[in-house]
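From first to last, the protein sequence lines stand for chains A and B.
Residues in the first sequence are numbered from 1 upward in steps of one, following the working numbering.
Residues in the second sequence are numbered from 116 upward in steps of one, following the working numbering.
The C-beta atom is built at its ideal place from N, Cα and C for all residues, glycine as well.
The structure displayed is predicted, hence computed values, not measured ones.
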Amino acid sequence: DAGVIQSPRHEVTEMGQEVTLRCKPISGHNSLFWYRQTMMRGLELLIYFNNNVPIDDSGMPEDRFSAKMPNASFSTLKIQPSEPRDSAVYFCASSLAEGRRQGAFFGQGTRLTVV
Amino acid sequence: GQQLNQSPQSMFIQEGEDVSMNCTSSSIFNTWLWYKQDPGEGPVLLIALYKAGELTSNGRLTAQFGITRKDSFLNISASIPSDVGIYFCAGPSNTGGFKTIFGAGTRLFVKA
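Okay, structure coming up:
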């Protein structure tokens, strides 16, 4: 299996622009997570989906952030409009339903820089 | 809310040395997960622990599930340069659902 695939790997954008991050989870996994990692705050869970349904989005920082999972093999995280403080590495991870005990598989991340 | 406290925050060691790091919480966990994050990559699961007192090895890595269920330890023997990275402990939230709590990580630097 190819693992969790994220695109793009790097994104540089100007403040105010819309940014869309993409994720393809591991086939057969029914839980998907979006995390943000910064030096100051470490790994923060933004949102997680189970069977394509958003279960907990309490970690989404602001209304500028939105996430969708239209089907079992694709998810997007959108920031509109982007701000410099959104600069971070964004990870997508997937797991089986009980993955919180077996752990999740992370993608390589998207490094976002907003200038 | 639940928190995981990792120590030390960072370690600078010489190649060949043994390493020990730990993770503590004020609340009980029924699973402890240890991840490693290489520079520029996503975290990768190293070891999972499911029972109090359990000791599990993965090559040069050994992890233990504390008896109180409020702590866990990770040891690395005979460190090598590729051990460099951030080591995270994690565990399932006790609030239900599929949320996992992560510690802030221990950054390991190995000097050849």
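- prompt: Which first and last residues belong to the beta strand (DSSP E) in which Ser58 (chain A) is found?
  reply: That residue, Ser58 (chain A), is in no beta strand (DSSP E); it is neither H nor E in DSSP.
- prompt: Is the stretch 69 to 78 of chain A touching the stretch 20 to 27 of chain A in the sense that three or more CB pairs, one from each, lie closer than 8 Å?
  reply: yes
Nearest-angstrom Cα separation, counted from Trp149 (chain B) out to Asn120 (chain B): Spanning the two alpha carbons is a distance of roughly 13 Å.
query: At a Cβ threshold of 9 Å, is Leu46 (chain A) touching chain B?
result: no
field: Gly181 (chain B) to Glu169 (chain B) span [Cα, whole Å]
entry: 8 Å
query: Of all the beta strand (DSSP E) runs that stay within the bounds of the stretch 167 to 191 of chain B, which reach a length of 3 or more residues?
result: 170 to 173, 176 to 180, 186 to 191
message: Measuring only the C-alpha atoms, how far is Glu83 (chain A) from Gln118 (chain B)?
response: 28 Å
query: Where does Gln152 (chain B) land, buried or exposed, given buried means 16+ other C-beta within 10 angstroms?
result: buried
message: Taking 9 Å as the threshold (beta carbon to beta carbon), is Val134 (chain B) in contact with chain A?
response: Cβ-Cβ to chain A under 9 Å: no for Val134 (chain B).
message: Considering only their Cβ atoms, is the gap separating Gly107 (chain A) from Val4 (chain A) smaller than 9 Å?
response: yes
query: Looking at C-alpha atoms only, which residue of A:Val115, A:Ser95, A:Arg85 is the closest neighbour of Trp34 (chain A)?
result: A:Ser95
Supposed contact pair Thr221 (chain B) and Tyr202 (chain B) - C-beta distance, whole angstroms, cut 8 Å: 5 Å
message: When you compare the CB positions of Val225 (chain B) and Asn190 (chain B), do they come within less than 9 Å of one another, or not?
response: no
message: Below 9 Å on C-beta distance, what does Ser27 (chain A) contact in chain B?
response: Near Ser27 (chain A) there are no residues of chain B at all, since even the closest Cβ is about 18 Å away, more than 9 Å.
query: With DSSP run on the structure shown, which of helix, strand or coil describes Leu101 (chain A)?
result: One point to set straight first is that residue 101 (chain A) is Arg, not Leu, in the sequence displayed. Helix at Arg101 (chain A).
message: If you measure between the beta carbons of Phe217 (chain B) and Leu46 (chain A), is that distance less than 9 Å?
response: no
- prompt: Where does Pro8 (chain A) sit, in a helix, a strand or coil, going by DSSP?
  reply: coil
Interface residues of the stretch 175 to 195 of chain B facing chain A [CB-CB below 8 Å]: none
message: Once the 5 residues before and after Phe65 (chain A) are set aside, which same chain residues still bring their CB inside 6 Å of it?
response: Hits under 6 Å: Ile79.
task: Since I believe Thr215 (chain B) is in contact with Asp186 (chain B) (beta carbons under 8 Å), could you give me their beta-carbon distance rounded to a whole number of angstroms?
output: Not really, about 17 Å apart at Cβ, beyond 8 Å.
message: If the criterion is Cβ atoms closer than 9 Å, does the pair Thr110 (chain A) and Leu32 (chain A) meet it?
response: no
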